[in-house]
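Undergrad:
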Amino acid sequence: MTQFFDDDGLRSLWRQGGTALAALPLAEIKARAATFDRAIGRRNRREYAATLFVTLIFGLYALILPEPLLKAGSLLVIAGGFVMAWQLSRRTSRPDPDAEATDIRAYYRARLATEERMLASVGIWYLGPLIPGLVVFMAGLAAAGGFGSALGFAAFAAIPALIFIGIWLLNRRAAAMLRAQIERLDAVSPPTEGKEK
Amino acid sequence: MAEADQDRLFAEVIDRFGGALARLARGYEADADLRRDLEQELQVALWQSFATFDGRCSLSTWVWRVAHNRATSHMLARKRHAQRGWSSIEDVEIADVDAIPFERADSDRAMALILSIIDRLDPPDRQILLLYLEGVAGAEIGAVTGVSADAVATKIHRFKSMLTRRYAQAGDAS
Numbered sequence: 557m558t559q560f561f562d563d564d565g566l567r568s569l570w571r572q573g574g575t576a577l578a579a580l581p582l583a584e585i586k587a588r589a590a591t592f593d594r595a596i597g598r599r600n601r602r603e604y605a606a607t608l609f610v611t612l613i614f615g616l617y618a619l620i621l622p623e624p625l626l627k628a629g630s631l632l633v634i635a636g637g638f639v640m641a642w643q644l645s646r647r648t649s650r651p652d653p654d655a656e657a658t659d660i661r662a663y664y665r666a667r668l669a670t671e672e673r674m675l676a677s678v679g680i681w682y683l684g685p686l687i688p689g690l691v692v693f694m695a696g697l698a699a700a701g702g703f704g705s706a707l708g709f710a711a712f713a714a715i716p717a718l719i720f721i722g723i724w725l726l727n728r729r730a731a732a733m734l735r736a737q738i739e740r741l742d743a744v745s746p747p748t749e750g751k752e753k
Numbered sequence: 392m393a394e395a396d397q398d399r400l401f402a403e404v405i406d407r408f409g410g411a412l413a414r415l416a417r418g419y420e421a422d423a424d425l426r427r428d429l430e431q432e433l434q435v436a437l438w439q440s441f442a443t444f445d446g447r448c449s450l451s452t453w454v455w456r457v458a459h460n461r462a463t464s465h466m467l468a469r470k471r472h473a474q475r476g477w478s479s480i481e482d483v484e485i486a487d488v489d490a491i492p493f494e495r496a497d498s499d500r501a502m503a504l505i506l507s508i509i510d511r512l513d514p515p516d517r518q519i520l521l522l523y524l525e526g527v528a529g530a531e532i533g534a535v536t537g538v539s540a541d542a543v544a545t546k547i548h549r550f551k552s553m554l555t556r557r558y559a560q561a562g563d564a565s
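First to last, the sequence lines map onto chains A and B.
The working numbering applies: residue 557 is where the first sequence begins, and numbers increase by one.
The working numbering applies: residue 392 is where the second sequence begins, and numbers increase by one.
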């Protein structure tokens, strides 16, 4: 079998095992290129739908709940939801034909770095915008006497707090793994000097 | 670029690189259905990319970059769960490479060994080895991947050494 492991042997073997490309008609390719843009639109619409749901629920609270703090908290949650959806849409990576024509190492490193930044800052752009509204809303619930005692309030407040902390820690951990990948990439594959882009 | 020129360039590229693109997809995706999806994604990506092809690099370098970068996106999207298992070729242990059943023909065993190593590699090293297997010259591999020619040569040497050692170990075990 070692005859396969010189340059010519390996390349010959690699070509032998290949299947033909399942070629798409040009019209289909153009249709898919257009569909892909629409798919990004669909994904964004899902994010907007979730924001709309939050807006409707807390909008209803703002209208019917009597306590001013509950009204203010509801409006702040709605505002936070809009900020979160906007940030999610802005930060989501999309295929970029121009970026795809850059060298492979730069493209891969940029993808990892974008994802790392997104995950590392999740507390600011994903969780952060919702916190003021939730805090004010819960303060409103406490003011309305909905928890009975300070202990009851603390137990209720602990639930969203633990969820937020869990999400934050998981994302920080994922970001640290990506940073390690980037560092390894930089150490193992130093870029060429003055490379063509 | 005018759309007619984009179409013409795309047809030329599929004619010239069609087989290589199918083999590239095999190096990224083992599942037959997902591989077909990837082949189609590659064609869409290439056609789209030619709208901005400006001769900043050779046509083949452009094709390799776009195809490998889109395949990397496919890897990241579809195999996120497997990402922790990828490594550079320097970190792949020979013992981790799958044992190849002896009842298979020599060429099948050699191919399975190659794919077993490639499947463990992170995108940058995977791309270097797939380009090498396609017969792309070291200098062009460097231009496509953004890695120095010395680093490319080192990784290819390591790959061939692993294949030979793994085969020798299989022989000792039989």
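Just so it is clear, CB atoms sit at the ideal spot from N, CA and C, and this is done for glycine as well.
#1: For residue 527(B), collect the residues of the same chain with a Cβ closer than 6 Å to its Cβ; drop the 5 residues on either side in sequence, then sort them by chain order.
#2: Can you tell me the Cα-Cα spacing of residue 596(B) and residue 466(B), whole angstroms?
#3: Residue 512(B) bridges to which residues according to DSSP?
#4: Considering residue 399(B), what are the terminal residues of the alpha helix (DSSP H) in which it resides?
#5: Using only the alpha-carbon positions, how far apart do residue 591(A) and residue 578(A) sit?
#6: Fully enclosed by the region 640–720 of chain A, which beta strand (DSSP E) runs are 3 residues long or longer?
#7: Suppose the cutoff is 7 Å on Cβ atoms and the five residues either side in sequence are ignored; what does the same chain contact list for residue 720(A) look like?
#8: Listing by chain order, which chain B residues have their CB less than 8 Å from the CB of residue 579(A)?
#9: Comparing the C-beta of residue 524(B) with each C-beta of chain A, is any distance below 8 Å?
#10: Taking beta-carbon pairs under 8 Å, can you tell me which members of the region 417–430 of chain B lie near chain C?
#11: Below 8 Å on the Cβ atoms is my guess for residue 536(B) versus residue 660(A); work out the distance and round it to an integer in Å.
#12: Taking DSSP as the reference, what is the three-state secondary structure of residue 637(A)?
#13: Could you work out which residue in 512(B), 460(B), 533(B) is closest to residue 412(B) when comparing CA atoms only?
#14: How is the alpha helix (DSSP H) around residue 754(A) delimited, first residue to last?
#15: According to DSSP, is residue 614(A) part of a helix, a strand, or is it coil?
#16: At a CB distance below 7 Å, what residues from the region 455–470 of chain B approach chain A? Give them in sequence order.
#17: Counting contacts by CB-CB distance shorter than 8 Å, is residue 565(B) in contact with chain A?
#18: Can you list, in chain order, the residues of its chain whose CB lies under 7 Å from that of residue 513(B), leaving out five sequence neighbours each side?
#19: Which residues in the same chain as residue 420(B) place their Cβ atom closer than 6 Å to its Cβ, once the five residues preceding and following it in sequence are excluded?
#20: Spatial neighbours of residue 741(A) within its chain, please: CB distance less than 8 Å, with the 5 preceding and 5 following residues excluded, ordered by chain position.
#21: Between the C-alpha atoms of residue 672(A) and residue 463(B), what's the straight-line distance to the nearest angstrom?
#22: Which residues bound the alpha helix (DSSP H) around residue 440(B)?
#23: Comparing the CB of residue 686(A) with every heavy atom of the ligand GDP, is any distance shorter than 7 Å?
#24: Suppose the cutoff is 7 Å on Cβ atoms and the five residues either side in sequence are ignored; what does the same chain contact list for residue 454(B) look like?
#25: Can you name the residues of chain B whose CB is closer than 9 Å to the CB of residue 572(A)?
#26: Let me see if you follow: with CB-CB separation under 8 Å, is residue 395(B) close to chain A or not?
#27: Secondary structure at residue 581(A), three-state DSSP: helix, strand or coil?
#28: Can you grab the Cα-Cα spacing for the pair residue 678(A) / residue 733(A), in whole Å?
#29: Is residue 656(A) close to chain B? Criterion is C-beta to C-beta, closer than 8 Å.
#30: Using a beta-carbon distance cut-off of less than 7 Å, what residues from the region 535–550 of chain B approach chain A?
#31: Spell out whether any CB of chain A is found under 8 Å from the CB atom of residue 414(B).
#32: Can you tell me whether DSSP reads residue 552(B) as helix, strand or coil?
#33: Does any residue of chain B have a CB that is nearer than 8 Å to the CB of residue 755(A)?
#34: Taking only beta-carbon positions, decide if residue 451(B) is within less than 8 Å of chain A.
#35: Look at the Cβ atom of residue 610(A), then the Cβ atom of residue 637(A), and state whether they are nearer than 8 Å.
TA: A quick look at the data gives this:
#1: Answer for residue 527(B): no residue qualifies.
#2: As shown, chain B starts at 392 and ends at 565. That puts residue 596(B) outside it, with no answer to give.
#3: 478(B)
#4: 394–419
#5: 19 Å
#6: Under the rule that a run must span 3 or more residues, no beta strand (DSSP E) segment is found entirely inside the region 640–720 of chain A.
#7: Excluding residues within five positions, the ones whose Cβ falls inside 7 Å are 683.
#8: 405, 409, 434
#9: Closer than 8 Å to some Cβ of chain A, the Cβ of residue 524(B) qualifies, so yes.
#10: The structure shown contains no chain C; the protein chains it does contain are A and B.
#11: About 5 Å separates the Cβ atoms of residue 536(B) and residue 660(A), confirming a contact at the 8 Å cut-off.
#12: helix
#13: 460(B)
#14: No answer is possible for residue 754(A): the residues shown for chain A start at 557 and end at 753.
#15: DSSP places residue 614(A) in helix when its eight states are reduced to three.
#16: 456, 457, 459, 460, 461, 463, 464, 467
#17: With a pLDDT of 49 at residue 565(B), under the threshold of 50, the modelled position of that residue is not reliable, and the figure given next carries that caveat. Not a single CB atom of chain A sits nearer than 8 Å to the CB of residue 565(B).
#18: 477, 478, 479
#19: Scanning its chain for C-beta atoms nearer than 6 Å, with the 5 sequence neighbours on each side dropped, one finds around residue 420(B) the residues 426, 429, in chain order.
#20: 661, 664, 665, 668
#21: 16 Å
#22: 423–440
#23: The ligand content of the structure shown is nil, which means the ligand GDP is not present either.
#24: Same-chain partners within the cutoff: 404, 408, 437.
#25: 498, 502
#26: No, because no Cβ of chain A sits closer than 8 Å to the Cβ of residue 395(B).
#27: coil
#28: Here the C-alpha atom of residue 678(A) lies approximately 15 Å from the C-alpha atom of residue 733(A).
#29: Closer than 8 Å: yes.
#30: 535, 536, 537, 538, 539, 542
#31: Closer than 8 Å to some Cβ of chain A, the Cβ of residue 414(B) qualifies, so yes.
#32: When secondary structure is reduced to three states using DSSP, residue 552(B) falls in the helix class.
#33: Limits of chain A in this structure are 557 at one end and 753 at the other, which puts residue 755(A) out of reach.
#34: no
#35: yes
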